[in-house]
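Per my numbering, residue 1 is the first one in the sequence shown, and the count goes up by one each step. A virtual CB, placed ideally from N, CA and C, is assigned to each residue, including glycine. All figures in this text were calculated on a predicted structure; none of them were measured in a lab. What follows is a set of notes on a single structure, which appears directly below.
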Amino acid sequence: MNNSSRRDEAKILYKLMRLGKWEHAHTSIDNLTKGFPKHKRGDIRKMIPKLIKRGFLHVKPTAYGRQVSLNIERKKEIEEIVSRYLEQI
Numbered sequence: 001m002n003n004s005s006r007r008d009e010a011k012i013l014y015k016l017m018r019l020g021k022w023e024h025a026h027t028s029i030d031n032l033t034k035g036f037p038k039h040k041r042g043d044i045r046k047m048i049p050k051l052i053k054r055g056f057l058h059v060k061p062t063a064y065g066r067q068v069s070l071n072i073e074r075k076k077e078i079e080e081i082v083s084r085y086l087e088q089i
């Protein structure tokens, strides 16, 4: 995975951290692509299943779509990823 992709993953994780979406606080997958440039939204959408598979995100199915939250058990690792790739934040 290239550095740009890792940076985009860190941005997704940071967005959820900033919104306080740990464990039982969920947000729609559609909300994760908001705030990214339109030409990158497709790539961002493809990264979400990878973050789920790697255990960084939990999925909660609802009647109105799938919701995601950060995995509190991986909090330290998530914070390290965010700080490594988003040093200026």
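Where the alpha helix (DSSP H) through proline 49 begins and ends:
41 to 53
Near leucine 51, which residues of its chain fall below 6 Å by C-beta distance, leaving aside the five closest residues on each side in sequence?
Leu57
Using DSSP with H/G/I as helix, E/B as strand and the rest coil, what is lysine 21?
coil
Distance, Cα to Cα, lysine 11 vs alanine 63?
27 Å
Ignore the nearest five residues each way along the sequence and tell me which others in serine 69's own chain have a CB closer than 8 Å to its CB.
Leu16, Lys21, Trp22, Glu23, His24, Ala25, His26, Thr27, Leu57, His58 and Lys60
Let me confirm a value: glutamate 9 is counted as buried when at least 16 other C-beta atoms fall within 10 Å, else exposed. Which label applies?
buried
Beta carbon of leucine 13 nearer than 8 Å to that of isoleucine 78:
yes
Assign leucine 32 to buried or exposed, taking buried as 16 or more other Cβ atoms, counted over all protein chains shown, within 10 Å of its Cβ.
buried
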